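In case it helps, this note's numbering puts the sequence shown at residues 725 to 1045.
For reference, the structure discussed in these notes is given below.
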Amino acid sequence: MSLPYIVMASGKMRQCAYEKLNREVQLLGWQQGGRMPKEQFDEWLAQAEALYSTGNIRIDEKLLAKAPKLKVIAQASVGYDNIDIAACTARGIPVGNTPGVLVNAVADLAYGLLLDSARQIVKAHAHVKSGAWGERKPFGLTTDLAGKTLGIIGMGDIGSAIAKRAQASSMQVIYHNRHQRPDDEQLGVRYVSQDELLATADFILLAVTLNPSTKHLLNAETIAKMKKGVRLINISRGAVVDTEALYEALVSGQVAYAAMDVTDPEPLPGEHKLLSLDNVTVTPHIASATKETRDAMAMLTVDNILAGLQGQPLPAQVKLK
Ligand code: DGY
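Set out below in structure tokens:
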């Protein structure tokens, strides 16, 4: 019996995932370095029964039309804003993602960026590396986390793991979500309106998913509602923030510091004007990039694929909202 073909959209598969998958399917993946030629991808798509995505292609009706045999799509990320779920659902193709397994890794990096936005660790390192230690001061005094208010927009599993870390630094945590969490008292976090969060938080952290209602959630108007000197941390998606409005706010001092793992555009070119500013830290979308977490994400992606190929419910299936 011939094994089903699955196509790997881009990138290199984790070894543990490859070993498990390779026993069950014929893997079509670009192994030759550089970008996969479009014609090659299209040719593979035409035969594929499953698509393993690492998140950097748009999966929409145009792609689906080229993949008539597709039974399942599994993406090795929790976010799926690059996928048209309605189009997949209309074709009866389940989509899997990887919630849960990356919570701690993402929350750790978010906490690191929160701390950096207050204490400017990255800038201090650059100062030492430049040989300037002892010759001039790196910058003025920084600020404490303790006693400050952190406002989290998007209090899901990752948001609540970040809240725990912030509480360990003696911060108060307020949050805004579409719906109040029933367990917020237990978590020690307080639900507030978006406007109250913007007006009262000393640090604002974005952990929402990107969808039409959260695109440019932070724009010139909402940024003007924030406390002057607020610090902003973004680990969600770059387009949740209007980059131009953020740039202006960082120049004027309305936002004192921005620490971001995600940007718009992404990748952010080295010569982008945001990077000319002193009050910015950017990491290249690496929140989940630890060995353990990426292995766990890859294995869950494999489990989603194998379940989908057998016509079973996926262990982590995205629901059409
Ligand atoms: C995801 O998996 O969607 C996140 O971007 C991880 O950083």
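Glycine included, every Cβ here is placed at the ideal spot set by N, Cα and C.
None of these values were measured; they are calculated from a predicted model.
- L929 has its Cβ no nearer than 7 Å to any heavy atom of the ligand DGY.
- Taking the Cβ atoms as the reference, D1019 lies roughly 5 Å from C740, within the contact range of under 8 Å.
- In the DSSP assignment, G758 falls outside any alpha helix (DSSP H) and carries neither an H nor an E.
- Straight-line measurement puts the Cα of Y776 at about 35 Å from the Cα of A890.
- Counting along the chain, T1005 sits inside the beta strand (DSSP E) bounded by residues 1004-1006.
- When the alpha-carbon of A798 is set against those of D840, A811, G779, the nearest one is in G779.
- Note on K762: under 16 other CB atoms within 10 angstroms of its CB, so exposed under the neighbour-count rule.
- Segment contact: the region 865-882 against the region 836-850, three or more CB-CB distances shorter than 8 Å; contact assigned.
- Cβ contact annotation for V975 (same chain, cutoff 8 Å, sequence separation greater than five): L1001, in chain order.
- Contact between V897 and I882 is absent: CB atoms are separated by about 13 Å, not below the 8 Å threshold.
- Closer than 7 Å to some heavy atom of the ligand DGY: that describes the Cβ of G803.
- Inter-segment contact for the region 751-765 and the region 811-822 is absent: fewer than three beta-carbon pairs are separated by less than 8 Å.
- Non-local beta-carbon contacts of Y804 in its own chain, meaning distances under 7 Å to residues more than five positions away in sequence, involve V819, N821, V1042 in chain order.
- Within the DSSP bridge table, the entry for R955 names F927, Y981 as partners.
- A Cβ-Cβ distance of about 11 Å is found for the pair L787 and V731, leaving them out of contact under the 8 Å criterion.
- In terms of CA proximity to M760, I781 leads the group I781, F927, K744, Q771.
- The three-state secondary structure of T778, taken from DSSP, is coil.
- A Cβ-Cβ distance of about 6 Å is found for the pair K795 and A774, placing them in contact under the 8 Å criterion.
- In this structure, K793 sits away from D766, with a CB-CB distance that is not shorter than 8 Å.
- M950 and L922 have their C-alpha atoms spaced approximately 5 Å apart.
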